């Protein structure tokens, strides 16, 4: 006996997705729970794969099983395939495991020919309907199966309507439609060199082959490539008896969601058309009716539909997106699948389903796509604002912004420097535009996809971006773009919504992100489930408070250099850097000490006893000096214009120092703990500031838990030296203040050598915090500033990298180092605290990685804390599900 | 019975070094092979360690064993310790496993007191001798054992000589010397509060304790720290009966080498003094006689000494450095150890000993210090030139150079830019001086040690350097330095010899390195022994020929960018870079193609069928454009001086491109295979050039084996794409030329991610070449250009890093990655070729690492090929010895 290649719907179920495809498994499941599904069968994905393996031959026995299954359907429907009196007509649809645009979609009404169409005329008592079915079938079959261009048929229809003097297809009468059918058959003969196939069995065989072939057409291959769908999965073929929604006033077709996909409200949401086939709803010839109207028009059918929806939701335990057809007052279910929804709807539906007892919290947290929540956490356009949408492009980077239109990067930079908010509008961007992109509020391009230069760079910068907005026609020479009949000149205001791709006229009110009740509930559940801690990165007391409000359990990274950059401090910092002697430098540091102490006091106080990881100075000192190029131009100008010699001399001194400090690769230069090694006095000042602030707070009765973090360590001895110094200072301050200070000293792991020797490093570290930004830069040899501007987009476009490794952690490379470091670190110090404070700490897939690696916490920007909490819960839930702990 | 803590010399042997220390084991060995060694015994290192463990108490039973051993010596010598008539006198010396300056060295004549000294007077019939022995003993014992400052005694001597009106100690008569002894005893009383110990046993106990204590004095600890000698080894104590070389004309003392340590000639080499103790030879009071003179003065003793030397050399199978004493015509051997020698002597001795059948080749190659050979492979001062040595400093970086003296980095840069050769002379250097160091021929500092900024930076640059030359007094204000009575002004010529530390007046003729016969023989043997291949890095046919002459077995790295920099090509390269379209760029590349083809033709031809690894373009494109700062100053100047607007515009266009290409961290930027990914046409041109050149040579009957190396790979997919492109081009050229081209394509492993995913990468690579320069930069996060100029010296000085990791490979960090990559690479492709082409390929310890890791070859600069061949042989020999393969 040959292998089983064909499954009747009643033989399958929802778990057989990989064999029957998504659609086939869904139809089988619905059939099995007793829903009214037109009978049919599915040819398996295995058959498709064997078809390719054998060099485009059907596997042995497959066709026999097809005919046998067709016989079953004939028996069930009481119709017969090719019968001149009561013909069975079928639809043929592809059905891959993952829904794939680009593959053959649907051929309806298969089985019609010059003979069977007459039976349809007789049985429906409606020649126009029958002829219309036939001409649709010829058109679809010829286009999809025989490869004849669609417009050949459209030409015939257009000419016919012109001759008749009518506008819509449905105004063509029966007799004329008969003529159209004849014309269509002529087109087929002319274009393919053969008659339109009249044998229904031949039609079916051709259609099955066409579905199989569509698995490997260029569009499908491309789609699989960009969506990482393996090519070996193959597609299934679904053959199903037709149900006609277009046989009269007691017929209809529609689509519905079991809950509102926009708000999440628990109410049927959808629309239908009386006397129509599926494609008509989309074609927009008539306006569909809201689903509630069906209650009036067909109360019994409506009730049956409502019951079915309830059943399906209960069965699938999720909101469903349903297609149905009504044939002569009888309801048929054609498809059900999990419905797509907005972020607020996703939250509301999940929360309500838990409250209804339909799902548990574990399931609920897994229902939310954290990336989708991102929209809710960015500044966005006030939903109550009335907006004039000019065009829609690809939503390449979320967030919204308003600004003046500008067409060149130079101009964007200049206007931004003059204090204007600008939107940079380009056909596409190149590395030459980076300086303008940096200064723009948002980027809008008319060409390029989600992985174009503009898209990759903007996402890297966290800036709103819309790409490939082809509706806008840019004229650089005139400095304007046209969209439809409107023209926008340089300087005119527009707004862009990077989360939806909408380009909007004028300036639009924005709202700051906030958490609604559903969101808060969901996060509360997430906190119950997750085991991974969530902290925030914050450099000011304000940020620290925001972080706490969003649920952060501590500060994972406080960057002290931002404090050095403050306007009132920079001169002191520069004085420190320009010092020729240790004494001068220490004098300047003494001035900085109370300021830093104040900084730490504020942040520690805001966190009220939650741990605050403070990173000692990290950037190279030259970052605090003026730019060399600027200085050189200034000096040249001063000299040529007889400037004050004193001023020139002073500038030259600064230039000399800046030159001496200048580095070829500052990322790999004299920074981080290397400063601590060469200039111990700088770190000494910072450590003093930390512990004086702590002593002060504890005396005031406020709990304070600083964690001193030493950056850029590559060798255990560096840490040993710096740790000893810090510990000694803490000891002195303990004695001096009489306060029992909590002392915790650790390091960042952000250079491969530290990860590779983490066992040695751990001897001197109470905690590791993975600085995955720098670790990615060094492990991949990618300078982020350079990569994202100059060559990352080639890597994404050419699929060399699946994703920007600065956005989602590179698990194979960087992840391997993190794993090595965790293992070695724990071996040397079993209770070591392990965290991550790179930006990856707020990215869901990276968070899952952190959970799986067994980190103690992730730390991310305050606004991403909710996403991190949810993603951490999902990782835990997933793990529990996999382990079977989930009930 | 208690543990054995004391070994008579005749109870020990050379293999007991760790228990008896180096000196004790040597004395035991000599005693055992029947040489005339004054009898004595050794207290073990274990006793020393237990002394510390027990809190400074002698281990139980140790003293008893000391007295018992002393008894044996009394019996052997017929003398008695403390006897008023025939007293035994002994020397007490420390003797660690490794010779350690800073520890207690020697106390002679122990056992003398007010009574025994009278016996010495009587027995020697020489009161002056006896009193001189006694005062020397008091002086040494008080200084070393009792901690009384040496100058206290020197004062007495100086005053005495003044009173007497004489100049030298030996002019002090017996009576006065008796007075000196009394004065010395008073000094002891005054300084220590106690009488000088008269009990010989007490003296011995105190001396043993002093030796034990000296193990942990500051100087010894410091010495161990900087030489990585573990503190738990402990020191032994040697107690030996005195032999007196100063008892008259039939007495004497001397030192000798069994072969000439300077040239290696097989002839006794040394000197002696009649009627003197060891210290007199060093003190330079009288001029010692050459050893050959002894033949005339004491023919029998001389013959005995010659025989002894032959015996010792034969016994130790190496050139010996010997100390001896003649007491009343009887020869005593006091010490023998392996003699230090110059590089040429080392080569000659090793080669001749193999020819004499004394050692095998395996041993011979291990006798040569590759670092020492370095001297022979640098340009050096013609040994036949007569030189005026002004001063000597620390030999901080080898090589020699002549140039004009200059005292500031700015001036060094300016003069060098004007075509002058300069020597930068500074008290010490700082990061501010880097630009001048780069341009100077050599660096000379008056302060700082072997790990000072100047030393570390110069070694990194491979530039001659002398540090800490305190004899030169620098006056920056006057722009001159004084040395003794001579003064050198700015612009005067000097020469420096970094290999010896000699500062020399004037310009001196230099000679290029060459290999003498011994060197050639040694390398020939090395090649027989080594298993690791040795290739050279060469970018021109001339370098390739030099490499072959030095024995390279192929080219491990040809850098194609140097070819792009040539004067006639740079404009074409710039034209390529400035191109706005692919067509323009391809037109420029078409012009470069024949030039590159010519380059490759030359190198491949020079190597005559040996493999040549050609690295495709590696540096970022902006390296080929003018400097941004220069352009800005030029443009500013042109504008302010009403320059030609056309010129300004052109410069601005270049500036714009340079800005667009400018990178924050070029090391981590758009370079290497990233250029191949973004601009496939560049690599395509290079690959064409390689295979056209190969085809051309093969047609001409010349064997050619190019290996195409793709740099900076981080991901298997990059290599897959670029390999496919290169292989396709090779295939096309095969078809076009009809030549069966050898195609080998591989990659550099120089970024951590490539090492971590080497199994995936190996699928597309026939070979890996470890670019350990870049791998060190990324693994340590050290930009070499910045680290060596700015902070490396802190790391070396503070001993955070043992050594500059760009000089000797960081085995713990970088080495771990290399090991991971080798393992993964071999797993995926068992026959993968593994090489290294970083500068480490020429450094002995790194070469040993490469051998142990199982690499196929190392590649280094042509001049280091001989060192690499030798070091590779040493690694193999060491491994064979360890495995017991060595006979």
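Chains as they are written, first to last, in the working numbering: chain A, 33 to 919; chain B, 33 to 919.
We put the beta carbon where it would ideally sit given N, CA and C, even for glycine.
These figures come from a predicted structure and were not determined experimentally.
Counting Cβ pairs closer than 8 Å, one from the region 818 to 827 of chain A and one from the region 783 to 796 of chain A, do we hit at least three? The region 818 to 827 of chain A vs the region 783 to 796 of chain A: no contact.
Please name the residue in A:433, A:68, A:81 and A:67 whose C-alpha comes closest to that of residue 52 of chain A. Measuring from the Cα of residue 52 of chain A, the nearest candidate turns out to be A:81.
Does the pairing of the region 327 to 346 of chain A with the region 248 to 257 of chain A give three or more beta-carbon distances under 8 Å? No, the region 327 to 346 of chain A is not in contact with the region 248 to 257 of chain A.
With a cut-off of 8 Å, do at least 3 Cβ pairs link the region 137 to 147 of chain B to the region 221 to 241 of chain B? Three or more Cβ pairs closer than 8 Å define a contact, and the region 137 to 147 of chain B meets that threshold against the region 221 to 241 of chain B.
Take residue 168 of chain B as the anchor and find which of B:834, B:155 and B:202 has the nearest alpha-carbon. Nearest option by C-alpha distance: B:202.
Which of helix, strand or coil DSSP assigns to residue 500 of chain A: Residue 500 of chain A: coil per DSSP, three-state reduction.
Interface positions of the region 453 to 469 of chain A facing chain B (Cβ-Cβ less than 9 Å), listed along the chain: Of all residues in the region 453 to 469 of chain A, 462, 463, 464, 465, 466 and 467 have a Cβ within less than 9 Å of some Cβ in chain B.
Straight-line gap, residue 681 of chain B to residue 607 of chain B (C-alpha atoms, nearest Å): Near 16 Å, if we compare the C-alpha coordinates of residue 607 of chain B and residue 681 of chain B.
Beta-carbon within less than 6 Å of residue 244 of chain A's beta-carbon, same chain only, minus the 5 sequence neighbours each way: which residues are those? Excluding sequence neighbours, residue 244 of chain A sits near 80 and 83.
Backbone CA spacing between residue 738 of chain B and residue 799 of chain B [nearest angstrom]: A straight-line Cα-Cα distance of about 12 Å links residue 738 of chain B and residue 799 of chain B.
Contact belief for residue 302 of chain B with residue 286 of chain B at Cβ below 8 Å, rounded distance in angstroms: The C-beta separation of residue 302 of chain B from residue 286 of chain B comes to about 6 Å, placing the pair in contact by the 8 Å criterion.
For a test of the three-state rule: what should DSSP assign to residue 50 of chain B, helix, strand or coil? Here residue 50 of chain B sits in helix by DSSP.
Rounded to whole angstroms, how far is the Cβ of residue 403 of chain B from the Cβ of residue 891 of chain B, which I believe are closer than 8 Å? Actually they do not touch by this definition, with Cβ atoms about 19 Å apart.
What is the DSSP secondary structure of residue 920 of chain B, counted as helix, strand or coil? Beyond the ends of chain B as shown, which are 33 and 919, falls residue 920 of chain B; an answer cannot be given.
Quick check on DSSP: helix, strand or coil for residue 551 of chain A? In this structure, residue 551 of chain A counts as helix in the three-state DSSP scheme.
Under 7 Å between C-beta atoms of residue 116 of chain B and residue 151 of chain B: Between residue 116 of chain B and residue 151 of chain B, the C-beta spacing is below 7 Å.
Helix, strand or coil, according to DSSP, for residue 862 of chain A in the structure here? If DSSP states are grouped into helix, strand and coil, residue 862 of chain A belongs with coil.
4 or more residues per run - each alpha helix (DSSP H) lying fully within the region 518 to 575 of chain B: Fully enclosed alpha helix (DSSP H) runs of 4 or longer: 549 to 561.
Is the Cβ-Cβ distance between residue 894 of chain A and residue 578 of chain A less than 7 Å? In contact: residue 894 of chain A and residue 578 of chain A (Cβ atoms closer than 7 Å).
Exposed or buried, what is residue 61 of chain A when buried is set at 16 or more other beta-carbons lying within 10 Å of its beta-carbon? So residue 61 of chain A counts as buried.
Pick out the complete beta strand (DSSP E) segments inside the region 456 to 517 of chain A, 3 residues or longer, and give them in chain order. You should have 474 to 477, 497 to 499, 504 to 507 and 512 to 515.
In chain A, what lies closer than 9 Å to residue 823 of chain B by C-beta? The answer, in chain order, is 701, 702, 706, 707, 709 and 710.
Among B:534, B:560, B:702 and B:727, which residue has its Cα nearest to the Cα of residue 630 of chain B? Closest option to residue 630 of chain B, Cα to Cα, is B:727.
Verify the CB distance criterion: does residue 658 of chain B have a CB-CB separation below 7 Å to chain A? No, its Cβ sits nowhere closer than 7 Å to a Cβ of chain A.
Option nearest residue 731 of chain A by Cα separation, candidates A:633, A:582, A:214 and A:908: Looking at the Cα atoms, A:633 is the closest of the given residues.
I want to see whether chain A comes within less than 7 Å of residue 697 of chain B, judged by CB atoms only; does it? In terms of beta-carbon proximity, residue 697 of chain B lines the interface with chain A, with at least one pair separated by less than 7 Å.
Buried or exposed by the 16-neighbour rule on C-beta atoms within 10 Å, applied to residue 959 of chain A: Outside the displayed span of chain A (33 to 919) sits residue 959 of chain A, for which this structure offers no information.
For residue 572 of chain A, which of A:591, A:554 and A:556 has the nearest alpha-carbon? For the residues A:591, A:554 and A:556, the minimum Cα distance to residue 572 of chain A belongs to A:591.
Out of curiosity, what's the CA-to-CA distance linking residue 548 of chain B and residue 611 of chain A? Roughly 54 Å separates the two Cα atoms.
Chain B contact for residue 789 of chain A (CB, 7 Å cutoff): At least one chain B Cβ lies under 7 Å of residue 789 of chain A.
Could you work out which residues of chain B lie near residue 844 of chain A, taking near to mean beta carbons separated by less than 9 Å? Within 9 Å Cβ-Cβ: 747, 785, 788, 789 and 792.
Of the listed residues A:553, A:493 and A:439, nearest to residue 510 of chain A (C-alpha basis): For the residues A:553, A:493 and A:439, the minimum Cα distance to residue 510 of chain A belongs to A:439.
Can you pull the chain A residues whose beta carbon is under 8 Å from the beta carbon of residue 665 of chain B, in chain order? Contact note: residue 665 of chain B reaches chain A through 664, 665 and 668, using a C-beta cutoff of 8 Å and chain order.
C-beta neighbour in chain B for residue 43 of chain A, strict 7 Å: Closer than 7 Å: no.
Decide if residue 810 of chain A is buried, meaning its Cβ has at least 16 other Cβ atoms within 10 Å, or exposed. Residue 810 of chain A is buried by the Cβ-count criterion.
Under a CB-based cut-off of 7 Å, is residue 817 of chain B close to chain A? Residue 817 of chain B has a beta carbon lying within less than 7 Å of a beta carbon in chain A.
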